[in-house]
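**Student:** Below is a structure I'd like to ask you about.
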Amino acid sequence: MSLRKYLKIYSKFLHTSIASELEYKTNIIIDLVTAIFSLIGSIFLLSIFFQNNGSIGSWKFEQALIIQGIYTILNGITNTWFNPNLTEIVKHIREGTLDFVLIKPIDSQFYISLKKINPSGLLEIMLGFFLLLYCIRINQINLNLSFLTLSLVTIICSISILYSLWFFISTTTIWFVKTWNATEVLRSFLYIGRFPLNSFSLSLRIFFSVFIPIAFITNIPSEVFLGISQLWEILLEVIIATIFLVTSRKFWLFALKFYTSASS
Amino acid sequence: MISNLINHKIFTLLKVQYSNMLEYRVEIALWAISGIIPFFMLNIWTNNNLNESINISVVMLSRYFLCAFFVRQFSVVWVVFSFEEDSLMGRVSPYLIQPLNPFLRYFAQHLAEQITRFPFAIIIAFFFFIFNPESIWIPNLGILVLSTLATFLSFLIQFLIQSIVACLCFWTEKASSIERLIFIPTLFLSGLLAPVASFPEYVKSWVYLTPFPYLIDFPANLLSGNKTNIIGGFSMQILWILLLIPIFRNIWSAGTKKYTAMGS
Numbered sequence: 014m015s016l017r018k019y020l021k022i023y024s025k026f027l028h029t030s031i032a033s034e035l036e037y038k039t040n041i042i043i044d045l046v047t048a049i050f051s052l053i054g055s056i057f058l059l060s061i062f063f064q065n066n067g068s069i070g071s072w073k074f075e076q077a078l079i080i081q082g083i084y085t086i087l088n089g090i091t092n093t094w095f096n097p098n099l100t101e102i103v104k105h106i107r108e109g110t111l112d113f114v115l116i117k118p119i120d121s122q123f124y125i126s127l128k129k130i131n132p133s134g135l136l137e138i139m140l141g142f143f144l145l146l147y148c149i150r151i152n153q154i155n156l157n158l159s160f161l162t163l164s165l166v167t168i169i170c171s172i173s174i175l176y177s178l179w180f181f182i183s184t185t186t187i188w189f190v191k192t193w194n195a196t197e198v199l200r201s202f203l204y205i206g207r208f209p210l211n212s213f214s215l216s217l218r219i220f221f222s223v224f225i226p227i228a229f230i231t232n233i234p235s236e237v238f239l240g241i242s243q244l245w246e247i248l249l250e251v252i253i254a255t256i257f258l259v260t261s262r263k264f265w266l267f268a269l270k271f272y273t274s275a276s277s
Numbered sequence: 456m457i458s459n460l461i462n463h464k465i466f467t468l469l470k471v472q473y474s475n476m477l478e479y480r481v482e483i484a485l486w487a488i489s490g491i492i493p494f495f496m497l498n499i500w501t502n503n504n505l506n507e508s509i510n511i512s513v514v515m516l517s518r519y520f521l522c523a524f525f526v527r528q529f530s531v532v533w534v535v536f537s538f539e540e541d542s543l544m545g546r547v548s549p550y551l552i553q554p555l556n557p558f559l560r561y562f563a564q565h566l567a568e569q570i571t572r573f574p575f576a577i578i579i580a581f582f583f584f585i586f587n588p589e590s591i592w593i594p595n596l597g598i599l600v601l602s603t604l605a606t607f608l609s610f611l612i613q614f615l616i617q618s619i620v621a622c623l624c625f626w627t628e629k630a631s632s633i634e635r636l637i638f639i640p641t642l643f644l645s646g647l648l649a650p651v652a653s654f655p656e657y658v659k660s661w662v663y664l665t666p667f668p669y670l671i672d673f674p675a676n677l678l679s680g681n682k683t684n685i686i687g688g689f690s691m692q693i694l695w696i697l698l699l700i701p702i703f704r705n706i707w708s709a710g711t712k713k714y715t716a717m718g719s
C-alpha cells in the first residue's frame, strides 16, 4: 500500500493499454483528424457568434478562445482516461467480471479508473495547449509564478470535478446496469462548457453552477488566465472539487455493497 | 404478392422492435434529454441579441431551434454502433443466412425507437412552450406533411451514410471512429448549433452542395416557417439518397464476400 507500488502498477497499465491500442493504427490517425476537425468546428461556431458582435456575455473573441482551449484540454483528458475506463465499468458489471477486479490486492477504484488509456485523446490535450499558448500571446498575458500555480490548481480542480461526475454516473450502473445514455446526457451538458457562462440567461447560469457545476469547470480557469477571477471563486472551486472527489469515493464504496455478481 | 410479403416482414419487424424498445423507456427518455443542445444554443443567441445581426426575430429563431431539436430526435442514427457490436460478437452470421438484409432489421429498430421517443419529445416541447409562450404556433397540415417527409429523408440519408460506414466493419473492425469523424461536419454544418443562414458567405457558397444542411437545417426551416427553398431542398435530399444507395449496395455485397465470421 505505497505510492511507489501504485506508480509501478500504473506504468504497467500504460504499457499494456498503449500496446493494445497501437494495434489499431489507422484508428488512431482517424481519431487525430477528428480531434483537429472538432476544434476547427468549435472555433468556426464561435466565430459565427462573433461575426457581427464585439462580445458575448462580456467576453471578447480572443478571451472566449481561452475557454475553448481549456475545454479542448479537458475533453482530451476525458477521451484519454475517463471515457475508455468508465465505459468498461458497464461491461464489468454486465458480464460479472467486476468480481475479478474486486479480488485483486489493489484498490478497485484505482484499477477501474486508470486501467486503460486512449492515446488519440493525448493529441487533443496538445491541441488545447497550443491554443492556450496562442491565446496567451494574443491576449498579452504575463506569465508569472502565481498565475501559473493558480491556473494549475483550478485546472486540477476541474479535472477532479469532471472525473467525479463521470465516475458517479458510471457507478450507478451497479443498480441500473445500462447507464450509457446517462453519460450521453452528461456529455451534452458538458458541451456548454465551451461557452462563457455569462452568455447564458440567469436561470441557465444558476442551473449550470449549482446543480451541475459544469460552468465552473472551464470558466474559472479561463478567468484565472485573464486575471479577472475572484479569490472566492477559486476557493469555491477547490471546495467543490474536494466534495465531489470525496463523495465519488464514498459512493463507490457504498455501491459496492449492492453489487451482486452477474450469474451468481 | 412479393410487396405484400415485404410489408408483412417490415410490419412484424417493427412490432418486435417496438416492444423491445418499450423495455428501455428510461434510456430513450435520457436520449431525448441529451438532444437538448439546440435549446442551449438558442439561449446564447437570444441572450446576446445575436439574432438581430442575421435578421431573424427571437420568435422565429426559437421556433427554428425547437424544430431542429425535433428533426434531430427523429433522424438520429446509430447503425454503426449496433453493427460494430453485432459483428464483433459474431451475431451477424445468423443474420446473414436469413432471407432478409440485416440492415432492414436496424432500420426497423430505428423507426421503433422514434415511435417510442415521440411522447418524450412532445413533453420536452411542452416545457419549451411553457418557458417561451410567444413562440407557440401550429404549422398547417401541408407543411406538417412536407416536413415529416423531409425529416424522414434526412433520416434516410444519415442511415445510408452510417450503413456505408458500418459495412467498413468488414475490413477494419472498428468503424465507429470513422463515424465520429463524419459526425463532426454533421454537428457543425447541419444547422443543429446555428442556422445555416447565419454562416459566413464563404461557407454558404459551398455548404449547400454537401448533404449536411439537408439533415437538420432544411426540415427545421420548413417546419418552423422560416425562409427556405422547398423544391431545392427536396431535390438535394433525393439526389443524395440516389447517390448513396448504389454505394451502399456495392459495399454491402463486397463486404459480405469478404466476411469471415468472428470466432470461427
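These protein sequence lines map, in sequence, to chains P and C.
To convert, count from 1 in the first sequence and add 13; that's the working numbering.
To convert, count from 1 in the second sequence and add 455; that's the working numbering.
Cβ coordinates follow ideal geometry from the N, Cα and C atoms, glycine included.
Would you please verify whether the beta carbon of P:L163 is less than 8 Å from any beta carbon of chain C?
**Tutor:** Taking the first residue of the first sequence as 1, we reach residue 163 of chain P at position 150. No, P:L163 lies away from the interface with chain C (no Cβ there is under 8 Å from its Cβ).
**Student:** Near C:I633, which residues of its chain fall below 7 Å by C-beta distance, leaving aside the five closest residues on each side in sequence?
**Tutor:** Within the second sequence, the letter at position 178 stands for residue 633 of chain C. These residues qualify, in order along the chain: V620, L623.
**Student:** On the DSSP bridge assignment, give the partners of P:S177 in chain order.
**Tutor:** As a position in the first sequence, residue 177 of chain P is number 164, starting the count at 1. Its beta-bridge partners do not exist; DSSP assigns none.
**Student:** At the level of alpha carbons, what is the spacing between P:I22 and C:Q472?
**Tutor:** Numbered from 1 along the first sequence, position 9 holds the residue referred to as residue 22 of chain P. Numbered from 1 along the second sequence, position 17 holds the residue referred to as residue 472 of chain C. If I take the Cα positions, the gap works out to 45 Å.
**Student:** Residues of chain P with CB under 9 Å from C:S508, in chain order?
**Tutor:** Residue numbering aside, residue 508 of chain C sits at position 53 when the second sequence is read from its first letter. Near C:S508 (Cβ distances below 9 Å), the residues of chain P are Q64, N65, N66.
**Student:** For the region 33 to 53 of chain P, enumerate the residues whose C-beta is nearer than 8 Å to any C-beta of chain C, in chain order.
**Tutor:** Answer set for the region 33 to 53 of chain P: Y37, T39, N40, I43, D44, V46, T47, F50, S51.
**Student:** Is P:P234 near P:I168, with beta carbons less than 8 Å apart?
**Tutor:** One-based indexing of the first sequence puts residue 234 of chain P at position 221. One-based indexing of the first sequence puts residue 168 of chain P at position 155. Yes, these two residues count as a Cβ contact at 8 Å.
**Student:** Please name the residue, chosen from C:M476, C:L599, C:V534, C:K712, that lies closest to C:Q617 on a Cα-to-Cα basis.
**Tutor:** What you label residue 617 of chain C is simply residue 162 of the second sequence in a count that begins at 1. Of the listed residues, the one whose Cα sits closest to C:Q617 is C:V534.
**Student:** Would you mind reading off the limits of the alpha helix (DSSP H) that contains C:V651?
**Tutor:** Within the second sequence, residue 651 of chain C is the residue found at index 196, counting from 1. Run containing C:V651: none; DSSP gives neither H nor E here.
**Student:** Kindly list the residues whose CB is nearer than 7 Å to the CB of C:V513, restricted to its own chain and excluding five residues on each side of it in sequence; keep chain order.
**Tutor:** Taking the first residue of the second sequence as position 1, residue 513 of chain C is located at position 58. Excluding residues within five positions, the ones whose Cβ falls inside 7 Å are T501, N506.
**Student:** Kindly give me the distance between the Cβ atoms of C:I483 and C:E568, rounded to whole angstroms, as I take these residues to be in contact under 8 Å.
**Tutor:** Walking along the second sequence from the start, residue 483 of chain C turns up at place 28. Walking along the second sequence from the start, residue 568 of chain C turns up at place 113. Right, their Cβ atoms sit about 6 Å apart.
**Student:** Distance check for P:V103 and P:I205, CA to CA, integer angstroms please.
**Tutor:** Translated into positions along the first sequence, residue 205 of chain P becomes position 192. Translated into positions along the first sequence, residue 103 of chain P becomes position 90. Whole-angstrom Cα-Cα distance: 26 Å.
**Student:** Along chain D, which residues have their Cβ under 7 Å away from the Cβ of P:I205?
**Tutor:** Protein chains in the displayed structure are P and C, and chain D is not among them.
**Student:** Of all Cβ atoms in chain P, is any one closer than 8 Å to the Cβ of C:R546?
**Tutor:** Reading the second sequence from its first residue, position 91 is the one you call residue 546 of chain C. No, because no Cβ of chain P sits closer than 8 Å to the Cβ of C:R546.
**Student:** Buried or exposed: where does P:E36 fall if 16 or more other Cβ atoms within 10 Å of its Cβ makes it buried?
**Tutor:** Sequence index remark: in the first sequence, residue 36 of chain P carries index 23 (1-based). That one is exposed.
**Student:** Measure from the C-beta of P:F271 to each C-beta in chain C and report whether the shortest distance is under 8 Å.
**Tutor:** As a working mapping, residue 271 of chain P is identified with position 258 in the first sequence. False, the Cβ-Cβ gap to chain C never drops below 8 Å.
**Student:** Indicate whether at least one CB of chain P lies closer than 8 Å to the CB of C:T627.
**Tutor:** Along the second sequence, read from residue 1 onward, the residue named residue 627 of chain C stands at position 172. Answer yes: the Cβ-Cβ gap between C:T627 and chain P drops below 8 Å somewhere.
**Student:** Label C:G688 either buried or exposed according to how many other C-beta atoms from any shown protein chain fall within 10 Å of its C-beta, with 16 as the threshold for buried.
**Tutor:** Translated into the one-based positions of the second sequence, residue 688 of chain C becomes position 233. That one is buried.
**Student:** Give the secondary structure of P:K25 by DSSP, where H, G and I count as helix, E and B as strand, and everything else as coil.
**Tutor:** Position 12 of the first sequence, counted from the start, is the residue given in the question as residue 25 of chain P. If DSSP states are grouped into helix, strand and coil, P:K25 belongs with the helices.
**Student:** Can you confirm whether the region 109 to 116 of chain P touches the region 147 to 155 of chain P when touching is taken to mean that 3 or more C-beta pairs between the two stretches lie within less than 8 Å?
**Tutor:** Output reads no: the region 109 to 116 of chain P does not touch the region 147 to 155 of chain P.
**Student:** At least one CB of chain P closer than 8 Å to the CB of C:A649: is that the case?
**Tutor:** Translated into the one-based positions of the second sequence, residue 649 of chain C becomes position 194. So, interface residue.
**Student:** With C-beta atoms as the reference, is C:Y669 less than 8 Å away from C:Q692?
**Tutor:** Counting from 1 along the second sequence, the entry for residue 669 of chain C is found at position 214. Counting from 1 along the second sequence, the entry for residue 692 of chain C is found at position 237. Contact: yes.
**Student:** Please report how far the alpha carbon of C:F614 lies from the alpha carbon of C:L516, in whole angstroms.
**Tutor:** Residue mapping note: residue 614 of chain C aligns to position 159 of the second sequence, counting from 1. Residue mapping note: residue 516 of chain C aligns to position 61 of the second sequence, counting from 1. Their Cα atoms are separated by approximately 28 Å.
**Student:** By Cβ distance below 7 Å, which residues in the same chain neighbour C:F654 in space, the five residues on each side in sequence not counted?
**Tutor:** Residue mapping note: residue 654 of chain C aligns to position 199 of the second sequence, counting from 1. Result list for C:F654: V662, in chain order.
**Student:** Since P:E197 meets chain C, which of its residues come closer than 8 Å, beta carbon to beta carbon?
**Tutor:** For the purposes of this step, residue 197 of chain P is taken as residue 184 along the first sequence, with counting starting at 1. The answer, in chain order, is L485, W486, S489.
**Student:** When you compare only the Cα positions, how much space is there between C:L551 and C:L694?
**Tutor:** To locate residue 551 of chain C, count along the second sequence from 1; it is residue 96. To locate residue 694 of chain C, count along the second sequence from 1; it is residue 239. When rounded, the distance between both Cα atoms is 30 Å.
**Student:** Hey, would you say P:S126 sits closer than 8 Å to P:N157, going by beta carbons?
**Tutor:** By one-based count along the first sequence, residue 126 of chain P stands at place 113. By one-based count along the first sequence, residue 157 of chain P stands at place 144. No, these two residues do not count as a Cβ contact at 8 Å.
**Student:** May I ask you to report which of helix, strand or coil DSSP gives P:K73?
**Tutor:** Position 60 of the first sequence, counted from the first residue, corresponds to residue 73 of chain P. P:K73: strand per DSSP, three-state reduction.
**Student:** Please determine if the region 168 to 185 of chain P and the region 134 to 144 of chain P are in contact, where contact requires at least 3 C-beta pairs separated by less than 8 Å.
**Tutor:** These segments do not touch.
**Student:** Please name the residue, chosen from P:L210, P:E34, P:S51, that lies closest to C:P640 on a Cα-to-Cα basis.
**Tutor:** What you label residue 640 of chain C is simply residue 185 of the second sequence in a count that begins at 1. When each option's Cα is compared against that of C:P640, the closest is P:S51.
**Student:** In the DSSP output, what is P:S171 paired with across the bridge?
**Tutor:** Here residue 171 of chain P refers to the residue found at position 158 of the first sequence. Paired residues: none, contrary to the question.
**Student:** Assuming C:P493 contacts C:L608 (C-beta within less than 8 Å), just tell me the rounded distance between them.
**Tutor:** For the purposes of this step, residue 493 of chain C is taken as residue 38 along the second sequence, with counting starting at 1. For the purposes of this step, residue 608 of chain C is taken as residue 153 along the second sequence, with counting starting at 1. Not really, about 20 Å apart at Cβ, beyond 8 Å.
**Student:** Does any CB atom of chain C fall closer than 8 Å to the CB of P:G141?
**Tutor:** Residue mapping note: residue 141 of chain P aligns to position 128 of the first sequence, counting from 1. No, P:G141 lies away from the interface with chain C (no Cβ there is under 8 Å from its Cβ).
**Student:** In angstroms, rounded to a whole number, what distance separates the CA positions of P:A32 and P:F95?
**Tutor:** Start at 1 with the first residue of the first sequence, and residue 32 of chain P comes out as number 19. Start at 1 with the first residue of the first sequence, and residue 95 of chain P comes out as number 82. Roughly 19 Å between the two C-alpha positions.
**Student:** How do the region 566 to 582 of chain C and the region 515 to 529 of chain C stand: do at least 3 beta-carbon pairs fall below 8 Å, yes or no?
**Tutor:** Touching, per the Cβ criterion.
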